[in-house]
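Colleague: Numbering (my numbering), first residue to last: 11 to 310.
All C-beta atoms, glycine included, are put in the ideal place defined by N, C-alpha and C.
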Amino acid sequence: MIVTVTLNPAVDKTYNTDSVRLGDVNRMRSAFSVAGGKGINVAKILRQFHLPVAVMGFLGGYSGRMIEDTMSKMGAECHFTRTKKDTRTSINILGDDGYVTELLEPGPDISEKELDNFLKEFEYCLEGGELFVLSGSVPGGVPLDIYARLIRRCREEKRKVFLDTSGELLREGIKEKPYLVKPNKKELEYIAGRKLTDREDVIGEAKKLVEQGIEKVVVSLGREGLVYADRERVLFEPAKAVKAVNTVGCGDSVVASLCMSEVSGDDCQLALRKAAALAAANATTRETAMIPLNSYLDLL
Ligand SMILES: Nc1ncnc2c1ncn2[C@@H]1O[C@H](COP(=O)(O)OP(=O)(O)OP(=O)(O)O)[C@@H](O)[C@H]1O
Ligand SMILES: [Mg+2]
11 MIVTVTLNPA VDKTYNTDSV RLGDVNRMRS AFSVAGGKGI NVAKILRQFH
61 LPVAVMGFLG GYSGRMIEDT MSKMGAECHF TRTKKDTRTS INILGDDGYV
111 TELLEPGPDI SEKELDNFLK EFEYCLEGGE LFVLSGSVPG GVPLDIYARL
161 IRRCREEKRK VFLDTSGELL REGIKEKPYL VKPNKKELEY IAGRKLTDRE
211 DVIGEAKKLV EQGIEKVVVS LGREGLVYAD RERVLFEPAK AVKAVNTVGC
261 GDSVVASLCM SEVSGDDCQL ALRKAAALAA ANATTRETAM IPLNSYLDLL
């Protein structure tokens with residue numbers, strides 16, 4: 011069982027219209043909502059490849075129920091923690107005039123009791139889970155060392171952790187030595203405390219993380235590709251050339267693919283190749299984390 015943790019999920023709503031006028035009535039031509047959040051995306055992809063998945067995190071209100079409904083229909087085991095406040099909705103308005111307008115809610119504040127309930131549920135999932143994916147940001151009320159705490163518990167119970175987050179959450183998490191981290195370039199720069207100029211620079215910083223005790227470091231460099239480092243080797247895999255329609259969730263696709271490779275025991279070269287193909291396939295469709303299987307196999 012792979013367990014994905016999404017502490018700050020969202021319903022992602024996309025509108026299409028001609029253009030947005032401030033202070034006016036704006037009629038939308040179409041509206042489309044999907045369950046979103048990084049760990050949710052990873053779980054969606056894993057389910058498309060029929061892996062057993064459990065999903066955790068905070069959900070509240072109707073928007074929360076929509077996410078739970080989506081995930082349980084996809085066959086994921088749901089272990090969400092209920093919150094009094096509603097799960098946020100992120101709105102994306104695509105104008106025919108080329109403007110993209112985003113309306114982003116702050117997300118619900120989590121109470122101490124709710125955090126406590128989540129931690130109890132996490133203890134429960136520790137029994138059945140083998141691999142834990144900790145992804146994305148956290149809502150207010152959740153301490154920045156939350157991932158560090160979860161990683162420590164996973165290590166004590168000999169469970170592997172993949173960490174994909176940013177800023178202080180990443181910095182704190184790294185201290186507890188997750189099995190794998192997947193920063194993008196900006197996230198790695200935050201850890202390094204400086205701009206990284208070229209690939210050699212990126213490799214140098216990735217190696218430092220390995221020296222600190224992280225088994226596998228995968229740095230995603232957007233359209234450039236992927237860098238991999240472990241104790242024995244450093245690899246680079248160029249991104250696949252595709253006509254990108256929507257690159258949101260490419261990082262989540264990499265994480266999902268690395269999970270599948272971990273389970274099936276792929277060597278790191280193959281794991282990297284699969285991750286690049288899966289992320290590129292994700293970029294070819296409008297909807298995030300819905301992988302066109304034929305494109306994926308062609309790219310691979
Ligand atoms: N335009 C693209 N064409 C092909 N592959 C891409 C493209 N953009 C990203 N990828 C692939 O996806 C991988 C992950 O992308 P990226 O580095 O942008 O992740 P990220 O910044 O973590 O994204 P997010 O967190 O939004 O999912 C890249 O290493 C690359 O292999
Ligand atoms: Mg990312």
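Can you round the beta-carbon distance between Val191 and Val212 to whole angstroms, since I take them to be within the 8 Å contact cut?
Modeller: Position 181 of the sequence shown holds residue 191. Position 202 of the sequence shown holds residue 212. Contact doesn't hold; Cβ gap of about 13 Å is too wide.
Colleague: Where do the N-terminal and C-terminal ends of the beta strand (DSSP E) with Ala45 fall, by residue?
Modeller: Against the sequence shown, residue 45 aligns to sequence position 35. Ser40 to Gly46 is the extent of the beta strand (DSSP E) around Ala45.
Colleague: Leaving out five residues before and five after Lys217 in sequence, what residues of the same chain have Cβ atoms less than 6 Å from its Cβ?
Modeller: What you label residue 217 is simply residue 207 of the sequence shown in a count that begins at 1. The answer, listed in chain order, is Ala239.
Colleague: Along the chain, where does the beta strand (DSSP E) containing Val171 start, and where does it finish?
Modeller: As a first step, residue 171 must be located in the sequence shown, where it is residue number 161. From DSSP, the beta strand (DSSP E) with Val171 extends over Lys170 to Asp174.
Colleague: Quick one: what's got a C-beta closer than 6 Å to Lys170's C-beta in the same chain, skipping five residues either side?
Modeller: As a first step, residue 170 must be located in the sequence shown, where it is residue number 160. Within the same chain, Lys170 has close Cβ partners Leu141 and Tyr189.
Colleague: Under the rule that 16 or more other beta-carbon atoms within 10 Å means buried, what is Arg283, buried or exposed?
Modeller: For the purposes of this step, residue 283 is taken as residue 273 along the sequence shown, with counting starting at 1. Burial call: buried.
Colleague: Within the continuous beta strand (DSSP E) that includes Ala64, where are the two ends?
Modeller: By one-based count along the sequence shown, residue 64 stands at place 54. Taken as a continuous stretch (DSSP letters only), the beta strand (DSSP E) holding Ala64 covers Val63 to Leu69.
Colleague: For the putative contact between Glu115 and Asn102, defined by C-beta atoms under 8 Å, what is the C-beta separation to the nearest angstrom?
Modeller: Along the sequence shown, one-based indexing puts residue 115 at 105. Along the sequence shown, one-based indexing puts residue 102 at 92. Contact flag wrong, Cβ pair sits at about 12 Å.
Colleague: Which term fits Asp106, buried or exposed, when burial requires 16 or more other beta carbons within 10 angstroms of its beta carbon?
Modeller: Numbered from its first residue, the sequence shown carries residue 106 at position 96. Asp106 comes out exposed.
Colleague: With distances taken between CB atoms, is the gap from Asn26 to Arg37 smaller than 8 Å?
Modeller: On the sequence shown, position 16 is the one that residue 26 refers to. On the sequence shown, position 27 is the one that residue 37 refers to. Result no, Cβ atoms of Asn26 and Arg37 do not sit closer than 8 Å.
Colleague: Taking Gly105 as part of the alpha helix (DSSP H), name the residues at either end of that continuous run.
Modeller: Counted from its first residue, the sequence shown places residue 105 at position 95. Per DSSP, Gly105 belongs to no alpha helix (DSSP H); it is in the beta strand (DSSP E), Arg98 to Gly105.
Colleague: Within this structure, are the beta carbons of Ser230 and Tyr200 separated by less than 8 Å?
Modeller: Position 220 of the sequence shown, counted from the start, is the residue given in the question as residue 230. Position 190 of the sequence shown, counted from the start, is the residue given in the question as residue 200. For Ser230 and Tyr200, no; Cβs fall outside 8 Å.
Colleague: Could you name the residues, in chain order, whose CB is less than 6 Å away from a heavy atom belonging to ligand 1?
Modeller: Spelled out in chain order, the answer is Asn194, Ser230, Leu231, Gly232, Arg233, Gly235, Leu236, Ala249, Lys250, Val252, Ala254, Thr257, Val258, Gly259, Cys260, Gly261, Asp262, Val264, Ala286, Ala289, Ala290 and Ala293.
Colleague: So the alpha helix (DSSP H) Gly146 belongs to, where does it begin and stop?
Modeller: Along the sequence shown, read from residue 1 onward, the residue named residue 146 stands at position 136. Run containing Gly146: none; DSSP gives neither H nor E here.
Colleague: Just to confirm before moving on: does the CB-CB distance between Ala289 and Leu268 stay below 8 Å?
Modeller: Indexing the sequence shown from 1 puts residue 289 at position 279. Indexing the sequence shown from 1 puts residue 268 at position 258. In this structure, Leu268 does not lie closer than 8 Å to Ala289 by Cβ.
Colleague: When DSSP builds the beta bridges, which residues end up paired with Glu87?
Modeller: If you number the sequence shown from 1, residue 87 lands on position 77. DSSP output for Glu87 lists Ala64 as bridge partner(s).
Colleague: Let me know the secondary structure DSSP gives Tyr25 once reduced to three states.
Modeller: Here residue 25 refers to the residue found at position 15 of the sequence shown. Strand, per DSSP.
Colleague: With distances taken Cα to Cα, identify the nearest neighbour of Lys226 among Asp262, Ala251 and Lys187.
Modeller: Taking the sequence shown and counting its residues from 1, the one referred to as residue 226 is at position 216. Selected option, being the one with the closest Cα: Lys187.
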